[in-house]
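If you read the sequence shown in my numbering, its first letter stands for residue 229, the second for the next number, and so on. Even for Gly, the Cβ is constructed at its ideal location relative to N, Cα and C.
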Amino acid sequence: DACYAIIKEAMTAYKNLGSDLQANVDYTKVENAYNTYITLGKAEVEKLISEIGVVSTGSGTKITNARVAYDYLLDIDSNVVIANYNVLLDAEAAFKNFAVQSCIDKIALIGQVSLDSKALIDSANNEYLALTSEQKSQVTNYSVLEAAIKKYESLVKIAECEKIIEEVDLNSLESMKNV
Numbered sequence: 229d230a231c232y233a234i235i236k237e238a239m240t241a242y243k244n245l246g247s248d249l250q251a252n253v254d255y256t257k258v259e260n261a262y263n264t265y266i267t268l269g270k271a272e273v274e275k276l277i278s279e280i281g282v283v284s285t286g287s288g289t290k291i292t293n294a295r296v297a298y299d300y301l302l303d304i305d306s307n308v309v310i311a312n313y314n315v316l317l318d319a320e321a322a323f324k325n326f327a328v329q330s331c332i333d334k335i336a337l338i339g340q341v342s343l344d345s346k347a348l349i350d351s352a353n354n355e356y357l358a359l360t361s362e363q364k365s366q367v368t369n370y371s372v373l374e375a376a377i378k379k380y381e382s383l384v385k386i387a388e389c390e391k392i393i394e395e396v397d398l399n400s401l402e403s404m405k406n407v
């Protein structure tokens, strides 16, 4: 961000002076700005983590925002310690598990496949596709989803064929015999 860019520019300019010229510059203002920036960043990260709350399907954005802020701050100062960092780790793990369980539950909801099953199948499949490779490997009933997709595709083909057959005009077929 712009604030840190200015602080970093001042730090770089000071370091580029060389030790003989650095003695003529009061660097405390830059150090104070840097320390304040880190302190405010730490407070912001801890606030974002505390706002995650109980993990649910809507927690992804909050968890991601907290992770991005944490990683950004750590890139600036690798020594920063976030008091509630374990809360973020636990939330990330819970969200991953929640996503896997949610996918398993959606697949289980499909039940007997019919032409009316498209929304349930698509919902379960989209949720599955959004998972990481590691999470996908934890979906214990993926074969049920695969079978449902194949069954639904077969039912659609059968329905299309039946519609075409219904549209055949038997009267025009009878007139063909007379030719």
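According to the Cβ coordinates, are I235 and V273 closer than 8 Å? no
DSSP on T240, reduced to helix/strand/coil? helix
Residues in the same chain with beta-carbon distance under 8 Å from S415, minus the five sequence neighbours each way, listed in chain order, please. In this structure the chain extends from 229 to 407, so residue 415 is not present and cannot be described.
How far does the alpha helix (DSSP H) with T264 in it reach, from first residue to last? T256 to S278
Does I291 pass the burial test, meaning 16 or more other C-beta atoms within 10 Å, or should it be called exposed? The residue in question, I291, is buried, as its Cβ has 16 or more Cβ neighbours within 10 Å.
Pop quiz: I349 and Y370 are said to be a contact at Cβ under 8 Å. What is the actual Cβ separation, rounded to whole angstroms? Rounded, the Cβ-Cβ distance is 13 Å, inconsistent with contact.
Which first and last residues belong to the alpha helix (DSSP H) in which S371 is found? Y370 to E394
Can the beta-carbon of I277 be found less than 8 Å from the beta-carbon of N325? no
Which listed residue (T368, I332, N353 and I377) has its alpha carbon closest to that of L343: I377
Buried or exposed by the 16-neighbour rule on C-beta atoms within 10 Å, applied to G281: exposed
Distance, Cα to Cα, E374 vs F323? 24 Å
Please go through the same chain and pick out, in chain order, the residues whose beta-carbon is closer than 6 Å to the beta-carbon of Y298, but skip the five residues on each side of it. V273
Would you tell me roughly how many angstroms separate the C-alpha atoms of V283 and A319, rounded to the nearest one? 6 Å
Between K275 and A261, what straight-line distance do the alpha-carbon atoms span, to the nearest angstrom? 21 Å
Integer Cβ distance of S330 from I338, believed to fall under 8 Å: Not a contact, Cβ separation roughly 14 Å.
C-beta contact flag for V308 and L316 at 8 Å: no
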